[in-house]
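Residue numbers (our numbering): 79 to 291.
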Ligand code: SAH
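Written out as structure tokens, the structure reads:
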């Protein structure tokens, strides 16, 4: 582990996360443990702990640390959940979900990103992660229902299949809106009634669906 990067990571946690109200100790510990610089190209590593999204190739981005932390805090994971992630990207949030839950099923549509993420997660020893190249709007029916579903790309509406694959009292977090800005929404399945809340404004890359689901 590089000492230099861990100092930057501590500052990120203090200023960007605790400073903005993130308080869940499990989330903060996981964000300290998972080395964000390992999920970007070497040339971008000096910027890995900056307060922003960064390019990961193929027109995609690794999400801003604060938005990832806010998403994880809202999921209130205890450690034994089955989680579905749509948009593996760099694999950074996948690693954090693997730290915080029992198992992670992650879907990415760009095969090169999926295999890079797989290699990184293997190197880091995550054995509770399955990655598949597919259209995530269809979910992963064989392993449904999921206690939590996290979508890391923006959609105009909630993909119906994802709601169908949510467990009783499961939570779905997804950015809803167009390409100029979205609202990060949480949908909670309370006794088969879906409760909707807005977490914050956000900007994500678009969720690209093969079909209109
Ligand atoms: N959480 C990721 C963010 C990745 S950006 C990270 O921290 O690195 C969003 C990702 O969603 C991109 O990699 C994009 O290719 C992927 N994506 C977009 N539409 C998708 C779809 N329908 N199914 C699966 N992945 C999708």
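From the three backbone atoms N, C-alpha and C, an ideal C-beta is built for every residue, glycine too.
Query: I need the DSSP call for residue 186, collapsed to helix, strand or coil.; Result: strand
Query: What three-state label does DSSP hand residue 288 in the structure shown?; Result: coil
Query: Since residue 103 is in the alpha helix (DSSP H), which residue starts that stretch and which ends it?; Result: 103 to 111
Query: Could you give the uninterrupted runs of the beta strand (DSSP E) lying entirely in the region 91 to 163, keeping only those of 3 residues or more?; Result: 132 to 135 and 138 to 140
Query: Please list the terminal residues of the continuous alpha helix (DSSP H) segment that includes residue 173.; Result: 170 to 178
Query: Spatial neighbours of residue 291 within its chain, please: C-beta separation below 7 angstroms, excluding the five flanking residues on both sides.; Result: Below a pLDDT of 50, predicted positions are generally treated as unreliable, and residue 291, at 43, falls in that range; the measurement from the model is reported next regardless. Within the same chain, residue 291 has close Cβ partners 215, 216, 237, 238 and 239.
Query: Quick check: the Cα distance between residue 274 and residue 227, rounded to an integer number of angstroms?; Result: 14 angstroms
Query: Near residue 115, what residues of its chain come up, given a Cβ to Cβ distance below 6 angstroms and the 5 sequence neighbours on each side ignored?; Result: 83, 123 and 126
Query: With DSSP as the reference, label residue 243 as helix, strand or coil.; Result: coil
Query: Evaluate contact between the region 159 to 176 and the region 131 to 149, counting only Cβ atoms and requiring at least three cross-stretch pairs below 8 angstroms.; Result: yes
Query: Please report the Cβ distance between residue 174 and residue 231, rounded to the nearest whole angstrom; I am assuming they are in contact, meaning their Cβ atoms lie under 8 angstroms.; Result: Going by Cβ atoms, the distance from residue 174 to residue 231 rounds to 17 angstroms, so no, they are not a contact pair.
Query: So, at 7 angstroms on beta carbons, what are the nonlocal neighbours of residue 118 in its own chain, with the 5 sequence-adjacent residues on each side left out?; Result: 126, 132, 134, 140 and 168
Query: Which residues does DSSP pair with residue 196 in a beta bridge?; Result: Beta-bridge pairing links residue 196 to no other residue.
Query: Leaving out five residues before and five after residue 284 in sequence, what residues of the same chain have Cβ atoms less than 7 angstroms from its Cβ?; Result: 231, 232 and 257
Query: Is the Cβ-Cβ distance between residue 187 and residue 286 less than 8 angstroms?; Result: yes
Query: For residue 158, does the count of other Cβ atoms within 10 angstroms reach 16, so buried, or fall short, so exposed?; Result: exposed
Query: Looking at C-alpha atoms only, which residue of 279, 244 and 206 is the closest neighbour of residue 255?; Result: 279
Query: Thinking C-beta only, is residue 163 closer than 8 angstroms to residue 105?; Result: no
Query: Answer yes or no: the CB of residue 186 versus the heavy atoms of ligand 1, is any distance below 7 angstroms?; Result: yes
Query: With distances taken from CA atoms, which of 112, 156 and 110 is nearest residue 180?; Result: 156
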